[in-house]
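Worksheet for the structure shown next.
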Amino acid sequence: MTFTTTITAPDGYKINLNTGLFINNEFVSGANTIDTVNPATGKVITSVQAAESKQVDIAVEAANKAFHNGWKTSDPRTRARLMHKLADLVERDANDLAHLETLDNGKPLTNAKIDVQGVANYFRYYAGFCDKLHGKVIETQGKLSYTVHEPLGVCGAIIPWNFPMVMLTWKIAPAICTGNTIVVKTSEMTPLSALKLAQLVKEAGFAPGVINILTGYGHIAGDALARHMKVAKIAFTGSVNVGRAIMKAAAESNLKKITLELGGKSPNIIFDDVENLDEAVFWARFGMFYNAGQVCFAGSRIYVQEGIYDKFLEKFKAMTLSGKVGDPFAADTFQGPQISETQLNRVMKYIDIGKKEGATCYLGGNKVGNAGYFIEPTVFTDVTPNMTIMKEEIFGPVVAISKFKDMDDVIAQANNTEFGLAAAVHTSNITRAVRVSNALEAGSVWVNCYSVVAENSPFGGYKQSGIGRENGDYVLSNYTQVKAVKINLSSKL
Ligand code: NAD
Ligand code: MG
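This note's numbering puts the first residue of the sequence shown at 14, with every later residue one more than the last.
Next up, the structure:
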């Protein structure tokens, strides 16, 4: 059975795609199918195969074989060459990948193109690590001890829909550069770009079974992967609740290692001594409304010092209104739709709760148009610490803004959350910038900017925002285990 199809984007661009499960370098049948929807129209784009536990077993077996039959002990230079080749192919087919991402996820095509370049950069960056994975030499009481950083085996990954291609790459690249093989389960809402990447994996020349990509539902295929006895590690990005379920599945099966990248409610603090208020406004708006607010590190709590509060609001409103909400294929669109009707309704419910609890809906608050899942960028002011919209992750274009008096007061408010993914501070005072950065309980702190995420700098959460770090050389320890070998140097028995 073949699963080839041609997908036509609204701008007439055509993409050939295989919608089978990618196991052992072949596209194969699942147990079922899933329809995937274009969130800008609400219409079905195509259907893809859905894996269930049987297909998960087959994929894990393929990955296990590939690990033991060569990838584990492969020449690091071979791994690097393959990863560079994959990066080249991603750049060659950038238009296909970007169109699929926009069609399936709803993000503006301009943003999808940035994501694709990020994918290529990411594979190249980790290609460079393949031959730089060193242990240590330690002398202990006449014994020579050295460490080897060995791969874990078959790694599993479960990824979300908000940055499908980027999240796929964040899992695959560090896993394979360290000599592991991998089975990834994509989000049921955005399977398409990953299937295109699967074609490129095959074309790049990876051995069958090194990279396997499954489409399927979370509670079925995701759960089977998280519980699999031959999966040595799960890397997960998604919601806190599913993160908990995965931790539980690991505990109830083989105690596989887990890393979790979860949600956030990140504070963005603007002091009244900012050198350039327009720049602070730019970063605050960008940090909140990019990707229709569907960003785990979105700066969704903005704290503005009282001296500039009114001026900030005025400028923030003007900048927010300047962003076009609509067709993601239009070159001038800033904000596309939410991912699904469920998410649309969820966000609208939070807007309703915000109003009912007494916050001021300063801007937006409504759906846009009749087709698709669009929401106006929405700004709430007079939001107090106990209000739901100040505490819970909304994962949509809704921001809570509040006024503060002084540094100690705002640090306490910023840290008053169960999350700790990211935070930002805007000030021209270097001492204040460092003091606040040190005091913030967050895995990333941005000073006078927002949303700066790079392949070579660690990313991850404090508190309930996650476990472990991705990116940079920090992620490598998640994909390797350390063996200490001790050699007796004494001739005496
Ligand atoms: P989600 O947790 O519902 O789904 C994430 C993935 O988990 C999907 O592939 C889904 O199929 C799978 N899944 C669902 N139930 C499962 C189960 N029982 N067992 C195994 N897998 C299961 O999240 P989402 O709706 O895709 O994404 C939105 C959430 O993800 C937000 O809360 C957001 O903050 C978070 N997120 C975090 C980061 C980060 O880097 N920290 C990045 C993106 C998204
Ligand atoms: Mg979709």
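All C-beta atoms, glycine included, are put in the ideal place defined by N, C-alpha and C.
From a predicted model like this one, the values you see are computed outputs, not experimental measurements.
| Check | Outcome |
| --- | --- |
| Just to confirm before moving on: does the CB-CB distance between Trp183 and Glu454 stay below 8 Å? | no |
| What residues match up with Ala446 in a beta bridge as DSSP calls it? | In the DSSP output, where bridge partners are listed per residue, Ala446 has none listed. |
| Any heavy atom of the ligand MG closer than 7 Å to the CB of Asp340? | no |
| What span of residues does the beta strand (DSSP E) with Asp236 cover, start to end? | No beta strand (DSSP E) contains Asp236, which is instead part of the alpha helix (DSSP H) from Asp236 to Arg240. |
| Might you give, ordered along the chain, the residues of its own chain that have their beta carbon closer than 7 Å to the beta carbon of Thr21, omitting 5 neighbours on each side? | Lys27 |
| Going by DSSP, which residues form a beta bridge with Lys145? | Lys145 pairs with nothing; no bridge assigned. |
| So is Gly312 buried or exposed if we call it buried at 16+ other beta carbons inside 10 Å? | buried |
| Look up Tyr230 in the DSSP assignment and say whether it is helix, strand or coil. | coil |
| Can you round the beta-carbon distance between Ser42 and Gly55 to whole angstroms, since I take them to be within the 8 Å contact cut? | The pair is not a contact, with the Cβ atoms about 28 Å apart (cut-off 8 Å). |
| With distances taken Cα to Cα, identify the nearest neighbour of Pro187 among Tyr135, Asp70 and Ala107. | Tyr135 |
| Could you check if Ala234 is buried or exposed, using at least 16 other CB atoms within 10 Å of its CB as the buried criterion? | buried |
| Confirm the yes/no value for this check: CB of Met180, any heavy atom of the ligand MG, distance under 7 Å. | no |
| Please classify Glu163: does DSSP put it in a helix, a strand, or coil? | strand |
| Can you tell me whether Asp395 is helix, strand or coil according to DSSP? | coil |
| What are the boundary residues of the alpha helix (DSSP H) that Gln348 is part of? | First-last for Gln348: Thr346 to Gln348, but that is the beta strand (DSSP E), not the alpha helix (DSSP H). |
| With DSSP as the reference, please indicate the residues paired to Gly479 in a beta bridge. | Glu274 |
| Tell me the residue span of the alpha helix (DSSP H) that contains Tyr375. | Here Tyr375 belongs to no alpha helix (DSSP H); instead the beta strand (DSSP E) covers Thr373 to Leu376. |
| Does Gln426 come out as helix, strand or coil in the three-state DSSP assignment? | helix |
| List the endpoints of the continuous alpha helix (DSSP H) containing Ile402. | Thr401 to Lys404 |
| Starting from the N-terminal side, write out each stretch of the alpha helix (DSSP H) that is 4 residues or longer and does not extend beyond the segment 280-361. | 290-302 and 322-334 |
| Measure the alpha-carbon distance for Ile151 versus Pro164 and round it to whole angstroms. | 21 Å |
| Please classify Val392: is it buried, with 16 or more other beta-carbons within 10 angstroms of its beta-carbon, or exposed? | buried |
| Since Lys215 contacts Leu30 with CB under 8 Å, what's their CB separation in whole angstroms? | Lys215 to Leu30, Cβ: 13 Å. No contact. |
| With a threshold of 8 Å on Cβ separation, who are the neighbours of Thr15 within its own chain once the five nearest residues in sequence on each side are excluded? | Asn31, Gly33 and Phe40 |
| Taking the C-alpha atoms as reference points, what is the distance between Asn289 and Leu326? | 15 Å |
| Is Asn399 buried or exposed, if buried means 16 or more other CB atoms sit within 10 Å of its CB? | exposed |
| Pick from Val73, Ile189 and Thr346: whose alpha carbon is nearest that of Ala53? | Thr346 |
| Which residues bound the beta strand (DSSP E) around Gln130? | Per DSSP, Gln130 belongs to no beta strand (DSSP E); it is in the alpha helix (DSSP H), Leu122 to Ala140. |
| Assign Thr182 to one of three DSSP states: helix, strand, or coil. | helix |
| Would you mind working out which of Gly371, Ala133, Ile195 and Val167 sits nearest Leu102, comparing C-alpha positions? | Ala133 |
| With a 10 Å radius around its C-beta and 16 neighbouring C-beta atoms as the bar for buried, classify Gly231 as buried or exposed. | buried |
| Is there a C-beta anywhere in chain B that falls below 8 Å from the one on Arg298? | This model lacks chain B altogether, as it is built from one protein chain only. |
| Between Ala217 and the rest of its own chain, which residues show a CB-CB distance below 7 Å, the 5 nearest in sequence each way excluded? | Leu95, Lys98, Leu99 and Leu102 |
| Assuming the contact rule is C-beta atoms closer than 8 Å, Ala248 and Cys168 should be a hit. Round their C-beta distance to whole Å, please. | 7 Å |
| Could you please give the first and the last residue of the uninterrupted beta strand (DSSP E) stretch that includes Thr46? | Asn45 to Asn51 |
| Alpha carbon to alpha carbon, what distance is there between Thr203 and Ala435? | 25 Å |
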